[in-house]
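Under the UniProt record's numbering, the residues of the first sequence are numbered 1 to 200, in order.
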Amino acid sequence: MIDFSATAVEVAPLLLGGVIAHDSPEGRVTVRLTEVEAYLGDGLDPGSHAFRGRTRRNDSMYGEPGRLYTYFTYGMHVCANVVCSPAGEASAVLLRAGEVIEGLELARSRRPTSRSDVDLARGPALLVKALGIALSDDGADLGTPPFSLAPAEQRASGIATSLRTGVSGDGGRPPFAWRFFLEGEPTVSPYKRHPKLAAG
DNA sequence: TTGTAGATACTCT
DNA sequence: GAGTATCTACAAA
């Protein structure tokens with residue numbers, strides 16, 4: 001089992017190749033994680049929601065490790081994180097992309113605009129949608145039903161890192177290269193700088 | 001295949 | 001009141 005009381009930067013590479021499953025009345029969807037990002041807090045990480053301290057939104061980021069932190073962004077999208085570090089410390093791993101390996105039909109019905117199976121969970125908001133995670137799942141324990149999270153069967157090879165995608169301000173610049181992904185995976189989203197950084 | 005613009009509503013200042 | 005850890009559609013090559 002993964003030790004989630006370590007920091008997000010240490011946990012992130014361990015999650016690659018691992019599988020997350022969610023049971024719902026409609027059925028079960030399982031996703032193999034191919035891309036994640038680490039976020040810290042409390043002044044350590046300018047790209048993190050917790051950079052300016054604890055607020056109502058990021059409250060679960062300070063909670064028990066191994067739980068879910070969901071948040072709403074851009075007026076229409078939900079993103080999911082795995083909370084790391086002991087309670088009281090802000091640290092989380094954003095689930096960015098994965099490959100649907102179980103419940104393909106259900107995932108397809110949740111993502112009618114997706115053209116191919118590769119696109120089903122190619123992006124943070126898409127991953128959440130394919131799994132059927134809702135904003136109300138914030139704080140849920142990933143180790144107990146309806147969720148389950150298993151580490152990779154064997155240590156994933158070909159792990160690469162890069163700058164984080166879509167993060168504005170200094171959090172999208174070095175030394176914050178805390179995006180981890182499996183090399184050669186078609187489900188990894190293409191790297192895009194934040195529009196603000198691209199302009200500068 | 002690559003690049004650009006628009007939509008959307010919640011949170012923090 | 002302004003900014004946002006994004007996705008989709010459309011246009012051009």
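All C-beta atoms in this analysis are idealised placements derived from N, C-alpha and C, irrespective of residue type, glycine included.
- [ ] Measure the alpha-carbon distance for P146 versus A140 and round it to whole angstroms.
- [x] Locating residue 146 in the first sequence gives position 146, counting from the first residue. Locating residue 140 in the first sequence gives position 140, counting from the first residue. Taking the straight line joining both Cα atoms gives about 9 Å.
TODO: Compare the Cα-Cα distances from A12 to each of N58, H77 and S91 and report the closest residue.
DONE: The residue you call residue 12 lines up with position 12 of the first sequence. In terms of Cα proximity to A12, the closest of N58, H77 and S91 is S91.
- [ ] Provide the residue span of the beta strand (DSSP E) that contains V149, from first to last.
- [x] In the first sequence, the residue the question calls residue 149 occupies position 149. Note that residue 149 is Leu in the sequence shown here, rather than Val. That run of the beta strand (DSSP E) goes F147 to A150.
TODO: Using only alpha-carbon positions, find the residue among L95, R122, R96 and V93 that is nearest to A107.
DONE: Position 107 of the first sequence, counted from the first residue, corresponds to residue 107. Checking every option, the nearest Cα to that of A107 belongs to R122.
- [ ] Taking only the alpha-carbon atoms, compute the straight-line gap between P65 and I20 and give it to the nearest angstrom.
- [x] Against the first sequence, residue 65 aligns to sequence position 65. Against the first sequence, residue 20 aligns to sequence position 20. Near 16 Å, if we compare the C-alpha coordinates of I20 and P65.
TODO: Return yes when the Cβ of G172 is within less than 8 Å of the Cβ of L163, no when it is not.
DONE: By 1-based counting over the first sequence, the position of residue 163 is 163. By 1-based counting over the first sequence, the position of residue 172 is 172. In this structure, G172 lies closer than 8 Å to L163 by Cβ.
Open item on the list: Do L131 and G17 count as a contact pair if the criterion is CB distance below 8 Å?
Closed with: Taking the first sequence and counting its residues from 1, one reaches residue 17 at position 17. Taking the first sequence and counting its residues from 1, one reaches residue 131 at position 131. Taking 8 Å as the Cβ cut-off, G17 and L131 do not qualify as a contacting pair.
Open item on the list: If contacts are defined as beta-carbon pairs under 8 Å, then V50 and G41 qualify, I think. What distance do you get, rounded to the angstrom?
Closed with: Mapped onto the first sequence, residue 50 falls at position 50. Mapped onto the first sequence, residue 41 falls at position 41. Residue 50 is actually Ala in this sequence, not Val. That pair is a contact at about 3 Å.
- [ ] Can you give me the Cβ contacts of V9 inside the same chain, cut-off strictly under 7 Å, excluding the 5 residues immediately before and after it?
- [x] Locating residue 9 in the first sequence gives position 9, counting from the first residue. Excluding residues within five positions, the ones whose Cβ falls inside 7 Å are A38 and W178.
TODO: Could you tell me which residues DSSP puts in a beta bridge with F180?
DONE: By 1-based counting over the first sequence, the position of residue 180 is 180. According to DSSP, F180 bridges with V36 and T161.
TODO: Decide if the region 102–121 is in contact with the region 74–86; the criterion is three or more beta carbon pairs, one per stretch, under 8 Å apart.
DONE: no
Open item on the list: Can you give me the C-alpha to C-alpha distance between T34 and V93, rounded to a whole angstrom?
Closed with: Taking the first residue of the first sequence as position 1, residue 34 is located at position 34. Taking the first residue of the first sequence as position 1, residue 93 is located at position 93. Approximately 13 Å between the Cα atoms of the pair.
Open item on the list: D137 and T30 - do their beta-carbons sit closer together than 8 Å?
Closed with: The residue labelled residue 30 in the question sits at position 30 within the first sequence. The residue labelled residue 137 in the question sits at position 137 within the first sequence. No, they are not a contact pair.
Open item on the list: Judging by CA-CA distance, which residue of L135, T144 and E185 is the nearest neighbour of G75?
Closed with: Position 75 of the first sequence, counting from 1, holds the residue named residue 75. For G75, the closest C-alpha among the options L135, T144 and E185 is that of L135.
- [ ] Note down, in chain order, each residue of its chain lying with its Cβ closer than 8 Å to the Cβ of L14, except the 5 sequence neighbours on either side.
- [x] On the first sequence, residue 14 is found 14 positions in, with the first residue counted as 1. Excluding the 5 residues flanking it on each side, L14 has same chain C-beta neighbours closer than 8 Å at I2, P151 and A152, in chain order.
Open item on the list: One question on the structure: do T7 and S85 come within less than 8 Å of each other, judged by their Cβ atoms?
Closed with: As a first step, residue 7 must be located in the first sequence, where it is residue number 7. As a first step, residue 85 must be located in the first sequence, where it is residue number 85. Contact: yes.
- [ ] Taking the CB atoms as reference points, tell me whether F180 and I159 lie closer together than 8 Å.
- [x] The residue labelled residue 180 in the question sits at position 180 within the first sequence. The residue labelled residue 159 in the question sits at position 159 within the first sequence. In this structure, F180 sits near I159, with a CB-CB distance shorter than 8 Å.
Task: Pick from Q154, P124 and I133 that is closest to Y165, judged by C-alpha positions - done: Counting from 1 along the first sequence, the entry for residue 165 is found at position 165. Position check: residue 165 holds Thr in this sequence, whereas Tyr was assumed. Cα-wise, what sits closest to T165 is P124.
TODO: Note down the Cα distance separating R96 from G88, rounded to an integer number of angstroms.
DONE: Residue mapping note: residue 96 aligns to position 96 of the first sequence, counting from 1. Residue mapping note: residue 88 aligns to position 88 of the first sequence, counting from 1. Looking at the two C-alpha atoms, the distance is approximately 24 Å.
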